[in-house]
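Input: a single structure, listed below in structure tokens.
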Amino acid sequence: MAELEKILDEVENLRDEMVETLVELIKIPAISPDYSYEGEYDKAQKLLEIIKDWPFDKVEVYNAPDERAKNGVRPSILAYYYGEKGEESPRLWILTHIDVVPPGDLSRWESDPFEPVVKDGKVYGRGSEDNGQSLVASLYAVKAMMNLGIRPNRTVILAFVSDEETGSKYGVEWLMKNHPELFKKDDLVLVPDGGNEEGTFIEVAEKSILWFRVKVKGRQVHASMPDKGLNAHRVALDLAYHLDSLLHEKYSGRDELFDPPESTFEPTMVKNPADSPNIAPGEHEVVFDCRILPRYDIDEILKDAERLAEEIKEKYRKEFDGTALPEIEFEVLQRMDAPEPTDPNSEIVVLLKEALRKLRGKEAKVGGIGGGTFAAYFRKLGIPAVVWATLDETAHQPNEYAKIDNMVEDAKVMAALTLL
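Residues 310 to 729 in my numbering are what the sequence shown spells out, letter by letter.
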């Protein structure tokens, strides 16, 4: 306990430096080429510059090829700080992501999302809470031990990974596919990318994820003569409305392990080429984000959607120059079938609960979320993983912020976890 107290004091001493580091990282947009940005390269280079003189035992960079990104790569960084038994020590991964989502409507921000503002104990900016807060917390949990010359009981592997926000194809998924030797069955994994304001929620399960796009093709026409064409917008609205109803009614089961306890099916994005009020568009797209309880089969959901599409096609069917319209196509954008949950009695859960009990005097509860973290990939390998952090839950919102106290106190919990 005396050793832990020293580390906790040192983390507190590093508070101002932690804020400075978070500010520097927020300044660099690291947004996926999926959104027509350059990716994570510049931010990864900044992170390497920050830690270049830190006494990590090993720092490795893995570049997933992506010709759309700056310099053609999506980098991920692994920084190792060995435990007291060196390379033979048991291992704890702490994974955060360096990419962020786009800022969205700039008019809703009170400041430039990439010119961070420190105010009222918070750091404002895009990516501040998601996932900058936890990235910096993990760095300084280790730096506190380095400054004191203390080796943890477990080797700490800090992973700073690309492409979490758009599916992990160039991040964790790529690492596991191309470098399986990095991962061991007896590793413990913490993903500080979800939680609650009290820091008392430990996520051990995720729903399946399904993102799909529905493309409807009709025939564009002047809006004053709708009978001469086929308004794809009307067809898509009809399909989306009935699909939304069908999925919610058929897949309505509940599982109280999860929050929310039911599957969710949300239409999120729409697109059509009409650029004038008097054009009835010939094309329309709508995207659904589905978070599905593990009991349900994704393939069956897709079949239901396709069956409904056939009914809608017949309802609106017209022929133009020998071609039957509308045409309706489905494109799966992302799919992750839910893996088996982490055992609530597994070592990583028990140790994290103990750390929270010692440092905060709080009893944490376990549960499931809608999905979308690195933890699912580890669970698929049979490696126990948990998601935990103390968050005000401002991610993806205008005026996103990281609460400085949350960042510092979470760093203390991470440090404690390495000593247990």
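Just so it is clear, CB atoms sit at the ideal spot from N, CA and C, and this is done for glycine as well.
Among all the DSSP beta bridges, which residues are the ones paired with residue i?
i: Trp402; result: Ile466 and Val498
i: Gly512; result: According to the sequence as given, residue 512 is Glu; it is not Gly. Per DSSP, Gly676 and Val696.
i: Ser517; result: Ile601
i: His531; result: Ile588
i: Leu634; result: Lys627
i: Met578; result: Val596
i: Lys524; result: Glu594 and Glu638
i: Tyr686; result: Bridge partners of Tyr686: none, in fact.
i: Met327; result: Answer is none; Met327 lacks a bridge partner.
i: Thr573; result: Arg600
i: Phe567; result: Gly677
i: Ile386; result: Val370 and Phe469
i: Ile713; result: Beta-bridge pairing links Ile713 to no other residue.
i: Tyr391; result: Per DSSP, none; premise fails for Tyr391.
i: Leu539; result: Arg528
i: Arg644; result: Leu519
By the 10 Å Cβ neighbour count, where 16 or more other Cβ atoms means buried, how is residue i classified, buried or exposed?
i: Val641; result: exposed
i: Asp439; result: buried
i: Tyr550; result: exposed
i: Met310; result: exposed
i: His406; result: buried
i: Ser482; result: Position check: residue 482 holds Glu in this sequence, whereas Ser was assumed. Answer is buried; the Cβ neighbour count reaches 16.
i: Arg600; result: buried
i: Arg383; result: buried
i: Asp502; result: buried
i: Tyr344; result: exposed
i: Asp408; result: buried
i: Phe639; result: exposed
i: Pro648; result: buried
i: Arg604; result: exposed
i: Met534; result: exposed
Just checking my contact of residue i with residue j at CB under 8 Å: how many whole Å lie between their CB atoms?
i: Phe574; j: Asp553; result: 6 Å
i: Ala450; j: Val320; result: 7 Å
i: Asn708; j: Glu419; result: 6 Å
i: Ala684; j: Val470; result: So it is not a contact: roughly 12 Å between Cβ atoms.
i: Ile337; j: Lys361; result: With 8 Å as the limit, Ile337 and Lys361 do not qualify as a contact, their Cβ atoms being about 16 Å apart.
i: Asn540; j: Pro590; result: 7 Å
i: Ala545; j: Val525; result: 4 Å
i: Lys493; j: Leu323; result: That pair is no contact at about 30 Å.
i: Gly508; j: Leu313; result: That belief does not hold up - the Cβ atoms of Gly508 and Leu313 are roughly 18 Å apart, past 8 Å.
i: Thr464; j: Tyr390; result: 7 Å
Between which residues of its own chain and residue i is the CB-CB distance below 7 Å, once the five residues before and five after are set aside?
i: Val675; result: Ile511, Val513, Pro653 and Val658
i: Lys712; result: Gly430, Lys431 and Asp701
i: Leu668; result: Lys721, Val722 and Ala725
Could you pull out every residue in the same chain whose Cβ sits closer than 8 Å to the Cβ of residue i, ignoring the five residues on either side in sequence?
i: Glu628; result: Leu634
i: Glu462; result: Contrary to the premise, residue 462 reads as Asn rather than Glu in this sequence. Here the set comprises Gly392, Glu393, Ser398, Pro399, Thr727, Leu728 and Leu729.
Return the CA-CA distance between residue i and residue j, expressed in angstroms with no decimal places.
i: Asp536; j: Glu615; result: 26 Å
i: Val410; j: Ile340; result: 6 Å
i: Phe379; j: Tyr479; result: First, the residue type needs correcting, since residue 379 is Lys and not Phe in the sequence shown. Using only the alpha carbons, I get a separation of about 13 Å.
i: His542; j: Leu555; result: 20 Å
i: Asn302; j: Ala388; result: Residue 302 lies beyond the residue range present for the chain, which begins at 310 and ends at 729; the question has no answer from this structure.
i: Arg400; j: Glu656; result: 12 Å
i: Lys564; j: Asp547; result: The sequence as given places Asp at residue 564; Lys does not occur at that position. Between Asp564 and Asp547, the C-alpha separation is close to 30 Å.
i: Val579; j: Glu326; result: 43 Å
i: Ala353; j: Glu333; result: 12 Å
i: Asp495; j: Ile692; result: 7 Å
i: Lys428; j: Glu515; result: 34 Å
i: Gly677; j: Leu467; result: 24 Å
i: Glu349; j: Ile588; result: 40 Å
i: Phe365; j: Met454; result: 11 Å
i: Glu293; j: Glu672; result: Residue 293 falls outside the range modelled here, since the chain spans only 310 to 729, and no answer is possible.
i: Phe567; j: Arg528; result: 44 Å
i: Ala618; j: Pro570; result: 28 Å
i: Val717; j: Glu347; result: 31 Å
i: Trp697; j: Phe687; result: 15 Å
i: Glu473; j: Gly395; result: 30 Å
i: Gly441; j: Arg460; result: 25 Å
i: Glu663; j: Leu357; result: 32 Å
i: Leu415; j: Glu594; result: 25 Å
i: Gly670; j: Ile403; result: 23 Å
i: Gly538; j: Glu623; result: 16 Å
i: Asn456; j: Val370; result: 24 Å
Residues in the same chain with beta-carbon distance under 6 Å from residue i, minus the five sequence neighbours each way, listed in chain order, please.
i: Gly434; result: Ile335, Pro422 and Pro425
i: Val596; result: Arg522, Thr577 and Met578
i: Leu444; result: Thr405
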